[in-house]
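Asks: Below you will find the structure I want to go over with you.
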Amino acid sequence: MLDFIQQLVGGVALGCVYGLIALGFVLIYKATEVINFAQGDLMMLGGFFAYTFVAQLGFSYWVGFALAIAAMAAFGAAVERIVVRPILGYPQFSIVMATIGLGLVLRSVAGMIWGTDDLRIDTPFSAGVLRVGALVLAYDKLSVIVATMLLCLVLWLYFNRTRMGVAMQATSQNMLGAYYMGIPVKRVFSLIWAISAAVAGFAGVLLAPIAFIHTNVGFLGLKAFPAAVLGGFGSIPGALVGGVVIGVIETLSGFYLPQGFKDVAAYVVLLAVLMVKPSGLFGLELRKKV
Amino acid sequence: MSCLRVDGITLRFGGLVAVDRVSFAVERGEVFTMIGPNGAGKTSIFNIISRLYRPSAGRFYFDDRDITDVPPHRVAELGIARTFQNIELFENATVLDNLLVGRHRHRSTRVWEDILFLPKVRRAEYAHRHRVEEVIDFLELQRYRDQLIAGLPYGVRKVCELARALCTEPKLLLLDEPSSGLNVEETEDMAFWINDIKKELGITVLMVEHDMTLVSRVSDRVLALNYGRVLALGTPAEVQRHPDVVAAYLGA
Amino acid sequence: MRILFKTDYDQDIRLFKHSGYWWSYGALLLVAVLAPLALGSYLQSQLVFVFIYAIVGVGLMILTGFTGQASLGHAAFLAIGAYTAAYLQKLGVPFVVYMPLAALVAGGVGALVGFPALRLTGIYLVIATIAFGFIVEEVAARWESVTNGNEGMRVKAVDLLGWTLARDGYGFYYLSLAVLILVLLAALNILRSPTGRAFVAIRDSETAAKSMGVNLAVYKVMAFSISAGITGLAGCLYAHKLSFISPEMFTLLLSLEFIIVIIIGGVLGLHGAVLGAIFIVMVDPFLTFLKDDLPRSFAGLAGSLGFSESSARALQDTMERIGGAPGLKSAIYGVIIILFIIYEPYGLYGRWLKLKLYFDRFPVYKKATFKRQKTYVKSERNR
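Chains as they are written, first to last, in the numbering used here: chain A, 354 to 643; chain B, 168 to 419; chain C, 233 to 615.
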């Protein structure tokens, strides 16, 4: 039983990381109907930026964290300007392929700049555990869970309660109409990519003590797909819930099922969700009116 | 024996009743028009008949055969063709290719025969193209035959929609606002064509229309709808004089 | 400018619209047939890879380009074809039996994938095919009784009715070329028949296709099945060419390579598959060139321009380091994808068609003929 709770907490922490990446997917999708396959690689880049600021340039953890997030936001806006804006108006598949290409480039260039070894940074949470009775919960996992929930709350409020947030939703549903209504569509795009990249960077830094900083971290991004699909692509709380569910399923199947099932568990869940309810737990079912 | 009989059709979207116990019958060979304000449920009835929507209640019969539950692609095989209010042509294909897709229900060759392109496939192609050329002659689309839909003006696209529906050789033709977006001259042409479709081709036409001149010229009977309910049914003159219709739609 | 005066339905139906095509494609065929006699063994080997990639390209084009069902999992079908061929060869089944069987098995699995794929559109289908690819890769690694797991399987040379076709020999080259031509003809036949028109109808407007009597379920599954079958056929050839297959050869990156074939070649026609295949197969030799030859020639150039010996050396070293970096291939793929999508949305074949149009219409060609007008995204949630 104790093992189960231990694994559960680990699963929830992993799930929060998946949830954050899924959140990045959902943000961009909510505003522009583009699925950004490079989200995992942006997370990897966030980790690398943090490494540069904290370990190489010597800033303190929190300052380095903030700098990394800012750098990621700027990078996201730059990517949007250079890669995404020229291809607005192309069919969705083309834009998706462009983001896949972007992911490939990010991963390779990061490998060239920072090398392919595991990198580490010291965080205030690396050491230390919380003891609840006989349970031993590591601080780094707990910090991930808490931080993720806070971030989700902030973003959900932003999207549903502020003008800019609602404008973003409008842009994704009918871009031409948004233009006509005076919404600065191009600025909305840059902003949403900046936010999404910052969220990815946030996830990357949080993940650093758990999974280290490495070019392959981007593959976690592929695991976040099942999370986003499960939660429904248009829903912010859905992304988090989906991520946690996938994280828990993966950790528990790694613990209880034979070897190798852990890796495909997420994809089996994905396919099952797509068969039964493609719009996910919180998503909307839409239909064309002819 | 009526061509199409609709019996107590009801369609609900959650709490909204789009179509409320509508019943009518369309006789063979007549032009039957549905009029009414926007949101009255006219296109919804079309979508129900072509099985894109499922009715919440009621049944409908084609040639006295209950077709309420047939899958959508079987509707064309039964002999019902339709045009769409917002044109649903295949944008990246030529006019000729669009019309050839309209011949799909008459295909007689199987996939493996297509892959090998046996002589029987070639002969079937000749037959399909021959019939398509007849429709092109009927609607005078000759100069647009090899152009991509993406570059054509709106009026021509409307005619292509009609042509594609005619290529299926239907017994019943559902026309959804055939004259919307057309200028006076094009509407005149449309009126002539609908008359020709009725007289020369012997096809029954069920139409949704807002242009009352076209309705009076072409229709045999008119059904007026409002908020999903039937207001009046009769000849064009009778319906246009009916007090409920005047109050809801036509204005005094 | 050639004007076609049509008097016969055959002129629309037949594959070569006018006699000029007989000359140009005939010349191309002659070049392809005579190539192994003139080129060295390395280039001949690369050409066989071009043929195999082109076959997969045609299969993927039928599914993604013509029916609109995007698939990022075709490496899985290649794997299924390859492993079926290898396993049946191990059991002693003759080549003429196991090659079509590889296509049939892959086609069957394609149909199985096609059924659940009916409910998925657009991006969901892409994700599902990625997941499918991962699952097949895992199955190949775990089903040790058939696939020998991660140790892989050796594949002996083709034994065609008594003749042994070594993987580097003329025989295998002509076999691959023949299969490519057959597959191209089959695809062209599909496209000019009611089946192909139904596929294109599904891509452009599913609602209208339904109303015209196209049974969406049957045709989508059929598209998947045909596409998977063609890829399985290529898988059999792939297995023989490499003479050794293992699960880690059939990754997402391979599926991406196939999609790149389509992106580079363009979706406007089947020529795109062949053009894209040539381009992709050229990437490997290009990488070697970047790593070995280019740094040396740049250093030589720097030296002759008057730079010091040490800086020329340093230049050569940096270029070699970049050229030798492990992730460079992926980076090049990524850059190619992005550049082609931004600058050549219709691919190389599209560029070729635009060029032909230019010469056709000279001097009244308008530069804005292909300019994209729309700069806003039309929501694809309501297709």
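Quick reminder that beta carbons are idealized off the backbone N, C-alpha and C, glycines included.
1) Touching or not, the stretch 239–252 of chain B and the stretch 436–455 of chain C, by the rule of three or more beta carbon pairs under 8 Å?
2) Helix, strand or coil: how does DSSP classify residue 200 of chain B here?
3) According to DSSP, simplified to helix, strand and coil, what is residue 395 of chain C?
4) If we ignore side chains and look at the alpha-carbon of each, how far apart do residue 544 of chain C and residue 557 of chain C end up?
5) Taking the alpha helix (DSSP H) that residue 177 of chain B falls in, what are its first and last residues?
6) Could you name the residues of the stretch 556–574 of chain C whose beta carbon sits closer than 7 Å to any beta carbon of chain A, in the order they occur along the chain?
7) Could you check whether the Cβ of residue 455 of chain C sits closer than 9 Å to any Cβ belonging to chain A?
8) For residue 342 of chain B, tell me which candidate among B:207, B:380, B:364 and B:416 has the shortest Cα-Cα distance.
9) When burial is assigned at 16 or more other CB atoms within 10 Å of the CB, is residue 270 of chain C buried or exposed?
10) Please list, in chain order, all residues of the same chain as residue 326 of chain C whose beta carbon is under 8 Å from its beta carbon, the five residues on each side excluded.
11) Any idea what DSSP makes of residue 367 of chain A, helix, strand or coil?
12) When Cβ atoms are compared, which residues of the stretch 417–439 of chain C fall closer than 7 Å to chain B?
13) Determine the chain B residues that contact residue 444 of chain C at a beta-carbon separation under 9 Å, and present them in chain order.
14) I want to know whether the stretch 180–188 of chain B touches the stretch 365–375 of chain B - three or more CB-CB distances under 8 Å.
15) Near residue 213 of chain B, what residues of its chain come up, given a Cβ to Cβ distance below 7 Å and the 5 sequence neighbours on each side ignored?
16) Bridge partners of residue 340 of chain B, per DSSP?
17) Hey, is residue 178 of chain B's beta-carbon within less than 9 Å of any beta-carbon in chain C?
18) Within 10 angstroms of its Cβ, does residue 454 of chain C collect 16 or more other Cβ (buried), or is it exposed?
19) So which residues of chain B does residue 465 of chain C contact, with C-beta pairs closer than 8 Å?
20) In whole angstroms, what is the alpha-carbon distance linking residue 274 of chain C and residue 521 of chain C?
21) Smallest Cα separation from residue 396 of chain A: which of A:547, A:492, A:503 and A:540?
22) Could you pull out every residue in the same chain whose Cβ sits closer than 7 Å to the Cβ of residue 378 of chain B, ignoring the five residues on either side in sequence?
23) Chain C beta carbons: is any one of them nearer than 9 Å to that of residue 311 of chain B?
24) Just by C-beta distance, which residues in the stretch 344–378 of chain C are closer than 8 Å to chain A?
25) Using the beta-carbon count (16 or more within 10 Å), is residue 618 of chain A buried or exposed?
26) Comparing the C-beta of residue 496 of chain A with each C-beta of chain C, is any distance below 9 Å?
27) Would you say residue 309 of chain C and residue 463 of chain C are within 9 Å of each other, going by their C-beta atoms?
28) Taking any Cβ of chain C, which residues in the stretch 300–328 of chain B have a Cβ under 7 Å from it, in chain order?
29) Between the stretch 296–314 of chain C and the stretch 363–376 of chain C, do three or more beta carbon pairs fall short of 8 Å?
30) Taking 9 Å as the threshold (beta carbon to beta carbon), is residue 296 of chain C in contact with chain A?
31) Assign residue 603 of chain A to buried or exposed, taking buried as 16 or more other Cβ atoms, counted over all protein chains shown, within 10 Å of its Cβ.
32) Beta-carbon separation of residue 351 of chain C and residue 631 of chain A under 9 Å?
33) Give me the chain C residues within the contact set of residue 293 of chain B, using Cβ-Cβ distance strictly less than 7 Å, ordered along the chain.
34) Could you confirm whether any beta carbon from chain C is found closer than 9 Å to the beta carbon of residue 344 of chain B?
35) Is residue 439 of chain A close to chain C, meaning its C-beta is less than 9 Å from at least one C-beta of that chain?
36) To the nearest angstrom, report how far apart residue 457 of chain C and residue 436 of chain C are at their CA atoms.
Replies: In brief:
1) yes
2) Residue 200 of chain B carries a strand assignment under DSSP once its states are collapsed to helix, strand and coil.
3) strand
4) Straight-line Cα distance between these residues: approximately 20 Å.
5) It is not in any alpha helix (DSSP H) - residue 177 of chain B instead sits in the beta strand (DSSP E) that spans 171–180.
6) 557, 558, 559, 560, 562, 563, 565, 566, 567, 569, 570, 573 and 574
7) no
8) B:364
9) exposed
10) 391 and 393
11) helix
12) 418, 421, 422, 425, 426, 427, 429, 430, 432, 433, 436, 437 and 439
13) Those are 240, 243, 248, 268, 269, 270, 271, 272, 331, 332, 334 and 335, listed as they occur along chain B.
14) The stretch 180–188 of chain B vs the stretch 365–375 of chain B: no contact.
15) 249, 341, 343 and 375
16) B:248 and B:372
17) no
18) The residue in question, residue 454 of chain C, is buried, as its Cβ has 16 or more Cβ neighbours within 10 Å.
19) Per Cβ cutoff of 8 Å: no residues; residue 465 of chain C is ~13 Å from chain B at best.
20) 14 Å
21) A:547
22) 346 and 354
23) no
24) Listed by position along the chain: 348, 351, 352, 354, 355, 356, 358, 359, 360, 362, 363, 364, 366, 367, 370, 373 and 374.
25) buried
26) no
27) yes
28) none
29) Touching, yes.
30) yes
31) buried
32) yes
33) 241
34) no
35) yes
36) Going by the C-alpha atoms only, they are around 20 Å apart.
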